[in-house]
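Worksheet for the structure shown next.
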Amino acid sequence: MKDLLVFNNEVFRTYAFHVVLLVFKMLLMSLMTAFQRMKKKVFVSPEDTSFMGGILKYDDADVERVRRAHLNDLENIPAFLITGLIFVLINPNETLALQLFRLYTLCRYLHTIVYVVIVIRQPARTLMFFGGLLVNITMGVMIAMKVYE
Amino acid sequence: MKDLLVFNNEVFRTYAFHVVLLVFKMLLMSLMTAFQRMKKKVFVSPEDTSFMGGILKYDDADVERVRRAHLNDLENIPAFLITGLIFVLINPNETLALQLFRLYTLCRYLHTIVYVVIVIRQPARTLMFFGGLLVNITMGVMIAMKVYE
Amino acid sequence: MKDLLVFNNEVFRTYAFHVVLLVFKMLLMSLMTAFQRMKKKVFVSPEDTSFMGGILKYDDADVERVRRAHLNDLENIPAFLITGLIFVLINPNETLALQLFRLYTLCRYLHTIVYVVIVIRQPARTLMFFGGLLVNITMGVMIAMKVYE
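Protein chains in written order, with my numbering: chain V, 1 to 149; chain Z, 150 to 298; chain S, 299 to 447.
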């Protein structure tokens, strides 16, 4: 039985790299939210306005847009991270695995770009969401097939 | 030292299957939210109303109910996924592990059913929440015991 | 190749213990929200007021404060849990790894304390947030370096 969670397994090494890309992306969303709040001077805790000035406001459209993009990440990326790890452990075809990881990361980055950075008309965002979903479903189905083989 | 993260370890194989069941459940919640928004024609981004028609509305009761159920998943399921993986690595009693995984998944599915699909009076939802919590706490305590043995 | 995901690897054992500390912390936030709702008698689902009395209210300041602290956990802790696992697999320097895990957990606990338990003026909360972020970035960069070594 070969060891799979090692860095000379190309599938695991690529997975590990995409974990970093996706985790950094999620953490960046927190900073983008904070940046929007400071730029627009709208905060949600009194200790923030005491420190930074500005006003308490719960529904600023620009801040909420970043927060929705962030929440969409939280709904999807942790699912990918753990499913991806189990997927590495089924020892999948290397080419397929690498393409799935790349497609997922690409879709998630583009999802945020069309949602927050340059708002592009729908269904751009929905397509990126479904691209990511497709990867998660493909990996999930392949894991289930391995369980029942 | 036997290898634990392999598919001929019954505990890991069952864990992997429940990862799929729970990840698919979480992804389904995104689709249920989108479905409710389209059915009730209420959206939160202007590019969505431009594409789909309907109105911008942030507090539709049916949409918010699905979103709360989804958020409750996000608060609990990722914790299970990672705790469950570490739990597999303590090489627990097989029967206990399988029953914990099954109980967890059952509680989370029923939690959503009584919250969103057929709203049943409380404390139905709270009991399902505590069922899931009990599994996470049991696994956590057993991991801590292994750390200090 | 030595096995890394085993309890006689001090780095993994410490990681596993911090997983428990952080998962229990996240689960505690759910209970703190429920406790605040019951104490202030404000709920968001009609079946809750039917069961517990009180009123439907969506913007109670004390409840929302706990929820924001919880959401901040959800934005950060799952990222740590999976990044930490991959970090264990790069077989890092033991002293560094243990200090990173301890710093992370300390920052996250203090983040909640200064946000919810005893509200301390800013930038206390922001500093705790950046302490946690620093750990996640350090681990991420070290993983990326391992990928490309």
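Each residue gets a CB set at the ideal place from its N, CA and C atoms; glycine is no exception.
Label residue i either buried or exposed according to how many other C-beta atoms from any shown protein chain fall within 10 Å of its C-beta, with 16 as the threshold for buried.
i: S:T393; result: exposed
i: Z:Y207; result: exposed
i: Z:V265; result: buried
i: V:F80; result: buried
i: Z:V191; result: buried
i: S:V412; result: buried
Using only CA atoms, which one of the options lies nearest to residue i?
i: Z:T182; options: Z:D209, Z:P241, Z:F156, Z:H167; result: Z:D209
i: V:L56; options: V:A69, V:I113, V:K40; result: V:K40
i: V:R121; options: Z:L154, Z:S179, Z:S199, Z:Y164; result: Z:S199
i: Z:H167; options: Z:L220, Z:L249, Z:A218, Z:P272; result: Z:L249
i: S:N370; options: S:K300, S:S328, S:D301; result: S:S328
i: Z:L247; options: Z:A273, Z:G280, Z:F184, Z:Y164; result: Z:Y164
How about residue i and residue j: do their beta carbons lie closer than 8 Å?
i: S:M336; j: S:M324; result: no
i: S:T410; j: S:A367; result: yes
Report back the beta-carbon spacing between residue i and residue j to the nearest angstrom; my notes put them in contact at under 8 Å.
i: S:L408; j: Z:E224; result: Actually they are not in contact, since the Cβ atoms of S:L408 and Z:E224 sit about 21 Å apart, beyond 8 Å.
i: V:T83; j: V:M128; result: With a Cβ gap of about 18 Å, V:T83 and V:M128 do not count as contacting.
i: Z:P241; j: Z:M291; result: 6 Å
Assess contact between the region 130-149 of chain V and the region 188-204 of chain Z, defined as three or more Cβ pairs (one per stretch) separated by less than 8 Å. Is contact present?
Contact between the region 130-149 of chain V and the region 188-204 of chain Z is absent: fewer than three C-beta pairs spanning the two stretches fall below 8 Å.
Using a Cβ distance threshold of 8 Å, determine whether the region 359-368 of chain S contacts the region 378-385 of chain S, with at least three qualifying pairs required.
The count of Cβ pairs closer than 8 Å, one atom from the region 359-368 of chain S and one from the region 378-385 of chain S, stays below three, leaving the stretches out of contact.
Using 8 Å as the cut-off, can you tell me whether the region 403-416 of chain S makes contact with the region 308-324 of chain S, which would need three or more C-beta pairs spanning the two stretches below that distance?
As far as the Cβ criterion goes, the region 403-416 of chain S touches the region 308-324 of chain S, which means the pair count is three or higher.
Should the region 304-311 of chain S be called in touch with the region 281-291 of chain Z, which here means at least 3 C-beta pairs below 8 Å?
No, the region 304-311 of chain S does not touch the region 281-291 of chain Z.
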